[in-house]
Amino acid sequence: MSNKTVSGSLFKKMVTNGAVNLKNNHKEIDHLNVFPVPDGDTGTNMQMTMMAGIKEVNNLDSQSIVDVSKILSRGLLMGARGNSGVILSQFFRGVYTEIAKIENGSATIEEFIQALVGGYQMAYRAVMDPVEGTILTVVRESAEKLLVEKKRLSSVEDVLKIYLEQAKETLIKTPDLLPVLKEAGVVDSGGAGFIKIIEGMIMALEGNMLTEAELAAMPQTQEHYHGAEALGFGVDIKYGYCTEFIVKLHHPDRFDDKFMKDPLNQMGDSLVLVTDDDLLKVHVHTNQPGVALTLAQKYGDLQTVKIENMRLQHSNIMGEDPTHKVEKKKAKYSIIAVASGEGVHEAFKELGVDLIIDGGQTMNPSTEDFIKAVESLNSEHVIILPNNKNIIMSAEQTIDLCEGRSIRVLRTKSIAQGYVSLMAFDPTQALDDNYEEMTKTFENMRYGEVTYAVRDTEINGVKIKSGDFIGITKGEILVSIPDRTETVHRLLDDMITEDREIVTFFYGKDVETDELDQIVAYAKKLNPDIDVDLIEGGQDVYSYIIAVE
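Below, the structure is given as structure tokens:
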């Protein structure tokens, strides 16, 4: 039986099935990585983003597509990982923006088509410099096809089948639109992942629901924080209860954020307050969770509530007496960095990083990871170093989501850039001055990485064989050869000049002393006056991360 409308319950089934279908096939999407290196994670990022949204949706007891799409949008936003996850979250945010305009709990065929159009429009707006030949092209051309065919589409099934048909056609064309895809011999991974979602949605419409066993295997969000707490230092927990709740407002048209913001700011901190139509989501740290809930009930009905005793959790971890507290003065600055490898962590902490989110290649933190990190810090200003081009967008979303916090995100694309930028940080200077100086510093340095190839291909004229060592500089593959030491030499030939003063090597777990000695000697040969700094990074995937100043 064909569907003429999309109810909340049907939409929930569709997106849940789409998410599970993506999850079950995400490794296939990971393998579409343009660079043949062991860090293809588009499929992983997209499925973890979708599962974060589905987790929120499954906790919602509502038959309205407006409510379902709203909570889905919010869950995706908070769980977004990597550029692909952020774009995906923005697509569904656009879907919700259009669905929010309907006047009942179900969307007509025409309204559903307009929601898919709104999805691509929002996704484009979220990217500063949209590139064709990516997931953006796939969602745009698919929606435009629906507008052309709209008059002959008589069911939701018709809509999604035409949408999927065009998505597949566009995906096949992505290598023609983006030369790097053609050279690598792959289609766009983000677009391929999106198609898995649509296929799963159609399966749901046809009654082919994926099993609960598959759904139960959803990955749990893991927080990888290494800061003062992990080192065993005391943590000031001024407000002991992490309190989160969602309220369905009685009179959303008359509700003003300040009704809740002003009193909650007086009774706690780390306040995040988000309103969308008739729903209000609040996160606050307070010593009076009951008062916060009573206040909320003045304006609506509580939908979900979560209260955690942070002092008890912390004392259990640290073995401390929860009644003993040491007040800490608010710091002027806190710095958050994304990094992987114990030695890399230590190097960043030595340069003043307050909190490290464990991640990077193969493990992109979510927007929620960054929000929780910001909320955990007691400082006037927060500087974030993403240290990976695929993490920058997730980090930047904290600027809008952490209301009342002063945040700057440096657009560092590598561990090397982040490390060097810290040399320019001056805690006595103003935030914008630090931002400018740190940015200038990492933009003027050179950085490179050495890893290994996982398949045969050719990129920018460089022929690559599986198992080769790959030298990457400025985000491009410079060399691919069987010998790792020679790979590093070729990188240094490109990176070290007479005017460079320092070269820093973060070396990985499998690097031997003899090899390091050869590399240091070669760097000195290129520039006898250059200082060489060796740091045992302990990172996976990349044997060497190199910074040249």
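Residues in the sequence shown are numbered from 63 upward in steps of one, following the working numbering.
Quick reminder that beta carbons are idealized off the backbone N, C-alpha and C, glycines included.
These numbers come from a predicted model, not from an experiment.
Can you confirm whether residue i, when its beta carbon is compared against all beta carbons of chain D, has any partner nearer than 8 Å?
i, result
"M557", "Chain labels in this structure do not include chain D; a single protein chain is all it has."
Following the continuous beta strand (DSSP E) through residue i, name the residue where it begins and the one where it ends.
i, result
"L667", "Residue 667 is absent from the model: the chain starts at 63 and stops at 611."
"I446", "S441 to L447"
"G422", "Taken as a continuous stretch (DSSP letters only), G422 belongs to no beta strand (DSSP E), as it is neither H nor E."
"R187", "First-last for R187: I171 to A188, but that is the alpha helix (DSSP H), not the beta strand (DSSP E)."
"E194", "Looking at the DSSP string, E194 is not in any beta strand (DSSP E), and its letter there is neither H nor E."
"Y514", "R508 to Y514"
"Y569", "I564 to Y569"
Roughly how many whole angstroms lie between the Cα atoms of residue i and residue j?
i, j, result
"M184", "V157", "8 Å"
"N589", "Q580", "14 Å"
"T106", "N86", "10 Å"
"Y186", "I197", "10 Å"
"Y303", "E458", "27 Å"
"L277", "I369", "Confidence at L277 is low in this model, with a pLDDT of 43, below 50, so the placement of that residue should be treated as unreliable; the coordinate-derived value is given next. Distance between the alpha carbons of L277 and I369 is about 26 Å."
"I461", "Y497", "14 Å"
"H286", "N506", "At H286, the pLDDT of 35 sits below 50, so the modelled position is not reliable and the matter cannot be decided from this model."
"V218", "P192", "29 Å"
"E165", "L493", "46 Å"
"M108", "A142", "8 Å"
"G362", "L417", "37 Å"
"P351", "G570", "46 Å"
"S428", "M455", "10 Å"
"G255", "H88", "7 Å"
"L484", "I453", "18 Å"
"P448", "Q176", "35 Å"
"T474", "N270", "44 Å"
"L134", "T67", "19 Å"
"V200", "L341", "31 Å"
"G144", "Q479", "18 Å"
With a CB to CB cut of under 8 Å and the five nearest residues on each side skipped, what residues in its chain are close to residue i?
i, result
"I234", "V249"
"G137", "A114, G115, I116, K117, E118 and V119"
"V524", "I539, L540, V541 and S542"
Tell me which residue opens and which closes the alpha helix (DSSP H) that residue i is part of.
i, result
"L222", "V218 to L239"
"S131", "I127 to G141"
"K525", "First-last for K525: V524 to I526, but that is the beta strand (DSSP E), not the alpha helix (DSSP H)."
"V610", "First-last for V610: Y606 to V610, but that is the beta strand (DSSP E), not the alpha helix (DSSP H)."
"T474", "Taken as a continuous stretch (DSSP letters only), T474 belongs to no alpha helix (DSSP H), as it is neither H nor E."
"I91", "H88 to D92"
"G156", "G144 to I161"
"P314", "Here P314 belongs to no alpha helix (DSSP H), and DSSP marks it neither H nor E."
"E268", "Unbroken run through E268: none, as it is neither H nor E."
State yes or no: is the C-beta of residue i nearer than 7 Å to some heavy atom of the ligand ADP?
i, result
"D331", "With respect to the ligand ADP, the structure offers nothing, as it holds no ligand at all."
According to DSSP, simplified to helix, strand and coil, what is residue i?
i, result
"Q580", "helix"
"I397", "strand"
"R643", "A query on residue 643 cannot be resolved here, the shown segment of the chain reaching from 63 to 611 and no further."
"N327", "helix"
"I558", "coil"
"E520", "strand"
"L122", "coil"
"F487", "coil"
"N371", "strand"
"V248", "coil"
"L72", "helix"
"G533", "strand"
"Q601", "coil"
"D495", "helix"
"P468", "The sequence given here places Ser at residue 468; Pro does not occur at that position. If DSSP states are grouped into helix, strand and coil, S468 belongs with the strands."
"Q282", "At Q282, the pLDDT of 37 sits below 50, so the modelled position is not reliable; the number obtained from the coordinates is stated separately. Coil, per DSSP."
"D462", "helix"
"E574", "coil"
"Q350", "coil"
"G167", "coil"
"H386", "Unreliable positioning characterises H386 in this predicted model, as indicated by a pLDDT of 46, which lies under 50. A coordinate reading is not provided."
Within its chain, find whatever has a CB closer than 6 Å to the CB of residue i; leave out the 5 residues flanking it on each side and keep chain order.
i, result
"K74", "V119 and V130"
"S146", "T104, N107, M108 and G252"
"T159", "G180"
"N450", "G422"
"M76", "M263 and A266"
So, for residue i: in the same chain, excluding its five sequence neighbours on each side, which residues have a beta-carbon less than 7 Å away from its beta-carbon?
i, result
"S204", "Y225, Q228, A229 and T232"
"R467", "V436 and V444"
"E611", "V482, M507, R562, E563 and I564"
"I469", "V436, V444, I446, T460 and I461"
"A585", "L554, I558, V565, I592 and V594"
"G70", "S124, Q125, S126, I127, D129, V130 and G167"
Do three or more CB pairs link the segment 496–515 to the segment 527–546 at distances below 8 Å? yes
Take every Cβ of the segment 237–244, pair it with every Cβ of the segment 204–218, and state whether three or more of those distances are shorter than 8 Å. Too few Cβ pairs lie closer than 8 Å, so no.
Quick check: the segment 389–403 against the segment 594–611, are at least 3 beta-carbon pairs closer than 8 Å? yes
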